[in-house]
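Student: To start, I am sharing the structure in question, which I have written as structure tokens.
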Amino acid sequence: MVRTFRGNHTIYQSCGNTRELGTAFIVMGDMQRRVIGWWPIDERMCRLRNKGRFFNFSIINVHSPHSGSTDDDKDAFYAQLEREYDRCPSHDVKIIIGDLNAQVGQEEEFRPTIGKLSAHQQTNENGLRLIDFAASKNMAIRSTFFQHSLPYRYTWRSPQQTESQIDHVLIDGRHFSDIIDVRTYRGANIDSDHYLVMVKLRPKLSVINNVRYRRPPRYNLERLKQPDVASAYAQNLEAALPDEGELDEAPLEDCWSTVKAAINDAAESTIGYVERNRRNEWFDEECRTVLEEKNAARAVMLQQGTRQNVERYKQKRKQQTRLFREKKRRLEEAECEEMELLCRSQETRKFYQKLNASRNGFVPRAEICRDKDGGLLTDGREVIERWKQHFDQHLNGVENVGTGAHGNGRNDDARSLPYGKSSRNAVNTRSQRTTCSSTSKRHTIVSTAQSYGESWKTAFLGS
Numbered sequence: 001m002v003r004t005f006r007g008n009h010t011i012y013q014s015c016g017n018t019r020e021l022g023t024a025f026i027v028m029g030d031m032q033r034r035v036i037g038w039w040p041i042d043e044r045m046c047r048l049r050n051k052g053r054f055f056n057f058s059i060i061n062v063h064s065p066h067s068g069s070t071d072d073d074k075d076a077f078y079a080q081l082e083r084e085y086d087r088c089p090s091h092d093v094k095i096i097i098g099d100l101n102a103q104v105g106q107e108e109e110f111r112p113t114i115g116k117l118s119a120h121q122q123t124n125e126n127g128l129r130l131i132d133f134a135a136s137k138n139m140a141i142r143s144t145f146f147q148h149s150l151p152y153r154y155t156w157r158s159p160q161q162t163e164s165q166i167d168h169v170l171i172d173g174r175h176f177s178d179i180i181d182v183r184t185y186r187g188a189n190i191d192s193d194h195y196l197v198m199v200k201l202r203p204k205l206s207v208i209n210n211v212r213y214r215r216p217p218r219y220n221l222e223r224l225k226q227p228d229v230a231s232a233y234a235q236n237l238e239a240a241l242p243d244e245g246e247l248d249e250a251p252l253e254d255c256w257s258t259v260k261a262a263i264n265d266a267a268e269s270t271i272g273y274v275e276r277n278r279r280n281e282w283f284d285e286e287c288r289t290v291l292e293e294k295n296a297a298r299a300v301m302l303q304q305g306t307r308q309n310v311e312r313y314k315q316k317r318k319q320q321t322r323l324f325r326e327k328k329r330r331l332e333e334a335e336c337e338e339m340e341l342l343c344r345s346q347e348t349r350k351f352y353q354k355l356n357a358s359r360n361g362f363v364p365r366a367e368i369c370r371d372k373d374g375g376l377l378t379d380g381r382e383v384i385e386r387w388k389q390h391f392d393q394h395l396n397g398v399e400n401v402g403t404g405a406h407g408n409g410r411n412d413d414a415r416s417l418p419y420g421k422s423s424r425n426a427v428n429t430r431s432q433r434t435t436c437s438s439t440s441k442r443h444t445i446v447s448t449a450q451s452y453g454e455s456w457k458t459a460f461l462g463s
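This is the structure in structure tokens:
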């Protein structure tokens, strides 16, 4: 599952049907354009490939079975991890990150693989499995090679308020020195029992100078239902359109560009744009105050982990959970009442929009696709060009060029020639059909706006 959000970040998620497990990558900013591969494997594993300047990066995110799991589950996990590691290109920088549920010690015989700066003295059973895998693949557990104080080496706090280092970072031995630091940042609060683990990499990433495509805002077509707004829009549109003589002399493409600019200028000045809705309309100042109190209690607990501070943090967390749940419930009740009013007033379209939104929840737009070779395209312009090639191949690749033996008039060779002779003929034929006099085009646009034709207005304004 790939989700692109308005906050300039993309989530690559691999999970099962339940909410018990799952792994994911959050790619932010310019890094979104460097993603060249994504493979969701199962609820415990996923793989992401990024483009680098000298070497590409294959990063495997894992969630290992805990110490109480059966040996069969652990063997199956490491067998799957080995298969995914072998599928990575041999020249890539291969990195494994995630919750390995393994405590690595400071034993002398394991020093080439684990170093000597682990937070623990002895290696447990899961740690031995991890060391065996790393040694078999010539990898190093780099999270135990850097000297930090114990609080900044621990990565997990148990329900009994004990801390341990079970989240690790592994890298292949060929690129051992590419990781220059690994430590935890305890201040990052994501309401989890794990701390944020930060990794600093030395190698340079690829330089991407392309400007990211931004989707234009949508016009507020609902305002055209008001007679005064519709009349003002028709007048502005008629004033913005060029004279008939200019349209007669201009080519078809220039004529359309001029008409499109006139439509957009009239719509922008008359009806305006649709305002973006807030995602969490239930989150108000009361929720913000409770959240800040909980974060403050967590900071005190991390500084002094006394029993009183731990209980205070738990109480603040429960208070926040109850308040957030109550706010969401009130919002759902208000939305149900609004849908009932829309149904009674016979606002069918708005009613089903609200209904589908409540059923599906928040569904972000998918702004990436794959090229012909299976690689990921993340830049907006490249995605649009790929869709253009796709539809040219499937729609223009087969055209009527004559009558065949069965009278279907299809040319089988045109399937492999999306830009061949048959496609050019089809494009020329469509251009001839759409060519009309400038007088009729101008009259059609203005009269459509005046007669309040909803479908035509939507088509023009959405161009």
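UniProt numbering applies: residue 1 is where the sequence shown begins, and numbers increase by one.
Where a beta carbon is used, it is the ideal one built from N, C-alpha and C, also for glycine.
Contact defined as beta carbons within less than 8 Å: I believe GLN103 pairs with HIS120. What is the distance between those atoms, to the nearest angstrom?
Tutor: For this step, residue 103 is matched to residue 103 along the sequence shown. For this step, residue 120 is matched to residue 120 along the sequence shown. Right, their Cβ atoms sit about 5 Å apart.
Student: With a threshold of 16 other CB atoms inside 10 Å of the CB of VAL274, please say whether the residue is buried or exposed.
Tutor: Along the sequence shown, one-based indexing puts residue 274 at 274. Exposed: under 16 other Cβ atoms inside 10 Å.
Student: So, is HIS175 buried or exposed, given that buried needs 16 or more other C-beta atoms within 10 angstroms?
Tutor: Against the sequence shown, residue 175 aligns to sequence position 175. When all chains shown are included, HIS175 counts as buried.
Student: Given ASN428, which residues of its chain have a CB within under 6 Å of its CB, disregarding the five upstream and five downstream residues?
Tutor: Your numbering for residue 428 matches position 428 in the sequence shown. At ASN428 the pLDDT is 42, less than 50, meaning the model places this residue with poor confidence; the figure from the coordinates comes in the next sentence. Here the set comprises nothing.
Student: So, helix, strand or coil for MET1, using DSSP?
Tutor: Residue 1 sits at position 1 when you count from the first residue of the sequence shown. It is coil, neither helix nor strand.
Student: Taking just the CA atoms, how far does ILE131 sit from ILE96?
Tutor: Along the sequence shown, read from residue 1 onward, the residue named residue 96 stands at position 96. Along the sequence shown, read from residue 1 onward, the residue named residue 131 stands at position 131. The straight-line gap from Cα to Cα measures roughly 13 Å.
Student: Contact check, SER143 vs TRP156 under 8 Å by CB: the rounded distance?
Tutor: For the purposes of this step, residue 143 is taken as the residue at position 143 of the sequence shown. For the purposes of this step, residue 156 is taken as the residue at position 156 of the sequence shown. In fact, because the Cβ distance is near 12 Å, the residues do not count as touching under 8 Å.
Student: Can you tell me which of the three DSSP states LEU256 falls into?
Tutor: For this step, residue 256 is matched to residue 256 along the sequence shown. Note on residue identity: the sequence assigns Trp, not Leu, to residue 256. The answer is helix: DSSP assigns TRP256 an H, G or I state.
Student: Is the segment 47 to 61 touching the segment 389 to 398, taking contact as three or more C-beta pairs under 8 Å?
Tutor: No, they do not touch.
Student: At what residues does the beta strand (DSSP E) containing VAL50 begin and finish?
Tutor: Stepping through the sequence shown from its first residue, residue 50 is reached at position 50. The question names Val, yet the displayed sequence has Asn at residue 50. 45 to 50 is the span of the beta strand (DSSP E), which, as asked, contains ASN50.
Student: If you run the structure through DSSP and keep just helix, strand and coil, what is LYS137?
Tutor: As a position in the sequence shown, residue 137 is number 137, starting the count at 1. Three-state DSSP puts LYS137 in coil, outside helix and strand.
Student: Return the CA-CA distance between MET1 and ARG276, expressed in angstroms with no decimal places.
Tutor: Along the sequence shown, read from residue 1 onward, the residue named residue 1 stands at position 1. Along the sequence shown, read from residue 1 onward, the residue named residue 276 stands at position 276. MET1 and ARG276: Cα-Cα distance of roughly 24 Å.
Student: What number of angstroms, rounded off, separates the C-alpha of GLU333 from the C-alpha of ARG3?
Tutor: Within the sequence shown, residue 333 is the residue found at index 333, counting from 1. Within the sequence shown, residue 3 is the residue found at index 3, counting from 1. Going from the Cα of GLU333 to the Cα of ARG3 covers about 28 Å.
Student: According to DSSP, which residues form a beta bridge with MET28?
Tutor: Numbered from 1 along the sequence shown, position 28 holds the residue referred to as residue 28. The partner list for MET28 (beta bridge, DSSP) reads HIS9.
Student: Measuring straight from C-alpha to C-alpha, what distance separates ALA188 and ARG298?
Tutor: As a working note, residue 188 is residue 188 in the sequence shown. As a working note, residue 298 is residue 298 in the sequence shown. Computed Cα separation, rounded: 10 Å.
Student: Given SER158, which residues of its chain have a CB within under 8 Å of its CB, disregarding the five upstream and five downstream residues?
Tutor: Within the sequence shown, the letter at position 158 stands for residue 158. Here the set comprises SER164, ASP193.
Student: By a C-beta neighbour count over all protein chains shown, 10 Å radius and 16 as the cutoff for buried, is ARG322 buried or exposed?
Tutor: As a working note, residue 322 is residue 322 in the sequence shown. Per the 10 Å Cβ criterion, exposed.
Student: Cα-Cα, which of SER58, ARG34, PHE54, HIS63 is closest to ASP42?
Tutor: Within the sequence shown, the letter at position 42 stands for residue 42. Closest option to ASP42, Cα to Cα, is HIS63.
Student: In three-state DSSP terms, what is TRP387?
Tutor: The residue given as residue 387 occupies position 387 in the sequence shown. Of the three classes helix, strand and coil, the one that applies to TRP387 here is helix, per DSSP.
Student: Between the C-alpha atoms of LYS316 and ASP284, what's the straight-line distance to the nearest angstrom?
Tutor: Here residue 316 refers to the residue found at position 316 when the sequence shown is read from its first residue. Here residue 284 refers to the residue found at position 284 when the sequence shown is read from its first residue. So the two alpha carbons sit approximately 17 Å from each other.
Student: With a CB to CB cut of under 6 Å and the five nearest residues on each side skipped, what residues in its chain are close to LYS200?
Tutor: In the sequence shown, residue 200 corresponds to position 200, counting from 1. The answer, listed in chain order, is ILE180, ASP181.
Student: Output needed for HIS91: all residues of its chain with C-beta closer than 7 Å, excluding positions within five of it in sequence on either side, in chain order.
Tutor: Numbered from its first residue, the sequence shown carries residue 91 at position 91. The answer, listed in chain order, is PHE55.
Student: Determine the DSSP secondary structure at PRO40, reduced to helix, strand or coil.
Tutor: The residue labelled residue 40 in the question sits at position 40 within the sequence shown. Three-state DSSP puts PRO40 in a strand.
Student: Note down, one range per segment and in chain order, each alpha helix (DSSP H) of at least 4 residues found wholly within the segment 302 to 356.
Tutor: As far as the segment 302 to 356 is concerned, its whole alpha helix (DSSP H) runs of at least 4 residues are 307 to 344.
Student: Nearest-angstrom Cα distance between ASN236 and LYS350?
Tutor: Residue 236 sits at position 236 when you count from the first residue of the sequence shown. Residue 350 sits at position 350 when you count from the first residue of the sequence shown. Taking the straight line from one Cα to the other gives about 28 Å.
Student: Measure the CB-CB distance between PRO40 and SER58 and report whether it falls below 8 Å.
Tutor: Here residue 40 refers to the residue found at position 40 when the sequence shown is read from its first residue. Here residue 58 refers to the residue found at position 58 when the sequence shown is read from its first residue. No, the Cβ-Cβ distance between PRO40 and SER58 is not below 8 Å.
Student: Return the CA-CA distance between PRO226 and LEU341, expressed in angstroms with no decimal places.
Tutor: Along the sequence shown, read from residue 1 onward, the residue named residue 226 stands at position 226. Along the sequence shown, read from residue 1 onward, the residue named residue 341 stands at position 341. First, the residue type needs correcting, since residue 226 is Gln and not Pro in the sequence shown. Cα-Cα distance, rounded: 21 Å.
Student: Answer yes or no: do ALA140 and LEU117 have a C-beta to C-beta separation smaller than 8 Å?
Tutor: Numbered from 1 along the sequence shown, position 140 holds the residue referred to as residue 140. Numbered from 1 along the sequence shown, position 117 holds the residue referred to as residue 117. No, these two residues do not count as a Cβ contact at 8 Å.
Student: Can you tell me whether ASN126 is buried or exposed? The criterion is at least 16 other CB atoms within 10 Å of its CB, across all chains shown.
Tutor: Position 126 of the sequence shown holds residue 126. With 16 or more other Cβ atoms within 10 Å, it is buried.
Student: On the DSSP letters alone, give me the boundaries of the beta strand (DSSP E) that VAL182 sits inside.
Tutor: Residue mapping note: residue 182 aligns to position 182 of the sequence shown, counting from 1. Here the beta strand (DSSP E) through VAL182 covers 179 to 185.
Student: To the nearest angstrom, report how far apart ALA262 and ILE26 are at their CA atoms.
Tutor: Locating residue 262 in the sequence shown gives position 262, counting from the first residue. Locating residue 26 in the sequence shown gives position 26, counting from the first residue. Rounded to the nearest angstrom, the two C-alpha atoms are 41 Å apart.
Student: Given a threshold of 16 other Cβ atoms within 10 Å of its Cβ, counted over all protein chains shown, does MET198 qualify as buried or as exposed?
Tutor: Numbered from its first residue, the sequence shown carries residue 198 at position 198. When all chains shown are included, MET198 counts as exposed.
Student: With DSSP as the reference, label LEU376 as helix, strand or coil.
Tutor: By 1-based counting over the sequence shown, the position of residue 376 is 376. Looking at LEU376 - three-state DSSP - the assignment turns out to be strand.
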